[in-house]
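Enquirer: In the working numbering, the protein residues as written are 36 to 257.
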Ligand code: 5RP
């Protein structure tokens with residue numbers, strides 16, 4: 036089975052967690068696109084969706100799903116999003132698509148975070164995938180030096196501007212065996228908007244698409 040089919044399986048399984056009348060947070064990326072398409076085809080009606088990116092907003096609106104501003108929504112029932120890596124603690128690296136800041140906000144505002152991935156993204160220790168860090172443009176060089184001091188090799192994502200008008204630095208070779216501590220450390224750097232480590236607000240449930248179907252991992256199954 037190819038990777039896209041595994042993504043589609045995980046995304047479709049997430050629909051089982053969506054109940055009538057819910058307000059749903061929606062992430063960004065190719066896996067989430069399968070989820071949005073399944074939401075559009077779903078028979079139960081939802082109250083609306085809060086989107087984490089302009090790309091997801093367009094796709095949701097194109098399917099007639101009402102997009103609600105987070106400021107008007109209050110606490111969301113559920114957030115569904117993909118990830119670039121996930122570990123057995125349900126800590127994640129996100130931001131491959133550059134939407135990490137809004138994703139982090141929507142995840143924080145949600146009661147339950149269901150993360151949908153294909154099995155290639157499940158790792159023992161985070162960090163093979165370069166860590167995305169969103170930075171205010173004028174702070175780019177300063178933040179880069181601080182990232183080197185933290186043990187990483189920063190690389191500017193060229194030709195890319197986030198939905199918030201900022202830049203992304205992808206950081207290679209960071210040691211993330213204590214992901215929550217590194218998240219705290221990097222969050223302290225002046226000019227960092229957000230980092231793609233989701234350890235302080237991890238997923239509550241991982242749905243992993245694989246050759247033999249969808250496997251679930253929650254805090255109790257680790
Ligand atoms: C976007 C993200 C995505 O969830 C992550 O990059 C995974 O993307 P895909 O589902 O396309 O593999 O964090 O900022």
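For every residue, glycine included, the Cβ atom is placed at its ideal position computed from N, Cα and C. Note that the structure is predicted; figures quoted are calculated from it, not measured.
For residue 48, count the other beta carbons within 10 Å of its own beta carbon; 16 or more makes it buried, fewer makes it exposed. Which is it?
Expert: Result: buried.
Enquirer: What would DSSP say about residue 229, mapped onto helix, strand or coil?
Expert: It is a strand residue.
Enquirer: Whose C-beta lies closer than 8 Å to the C-beta of residue 257 among residues of the same chain, with five residues either side of it excluded?
Expert: Only weak support exists for where residue 257 lies, its pLDDT of 41 falling under 50; the value from the coordinates is given anyway. Excluding sequence neighbours, residue 257 sits near 123, 124 and 125.
Enquirer: Could you compute how far the alpha carbon of residue 106 sits from the alpha carbon of residue 249?
Expert: Answer to the nearest angstrom: the Cα atoms are 34 Å apart.
Enquirer: So, with DSSP's three-state summary, where would you put residue 237?
Expert: Residue 237: coil per DSSP, three-state reduction.
Enquirer: Is residue 65 close to the ligand 5RP? I mean its beta-carbon at under 6 Å from any heavy atom of the ligand.
Expert: Yes - the ligand 5RP has a heavy atom lying nearer than 6 Å to the Cβ of residue 65.
Enquirer: Between residue 134 and the ligand 5RP, is the CB less than 6 Å from at least one heavy atom?
Expert: Yes, since a heavy atom of the ligand 5RP falls inside the 6 Å radius drawn around the Cβ of residue 134.
Enquirer: Beta-carbon within less than 6 Å of residue 66's beta-carbon, same chain only, minus the 5 sequence neighbours each way: which residues are those?
Expert: The answer, listed in chain order, is 42, 46, 117 and 151.
Enquirer: According to the neighbour-count rule (16 or more other Cβ atoms, all chains shown, within 10 Å of its Cβ), is residue 181 buried or exposed?
Expert: It counts as buried.
Enquirer: Smallest Cα separation from residue 169: which of 189, 161, 185 and 74?
Expert: Looking at the Cα atoms, 189 is the closest of the given residues.
Enquirer: Using the C-alpha atoms, what's the distance from residue 130 back to residue 161?
Expert: Going by the C-alpha atoms only, they are around 14 Å apart.
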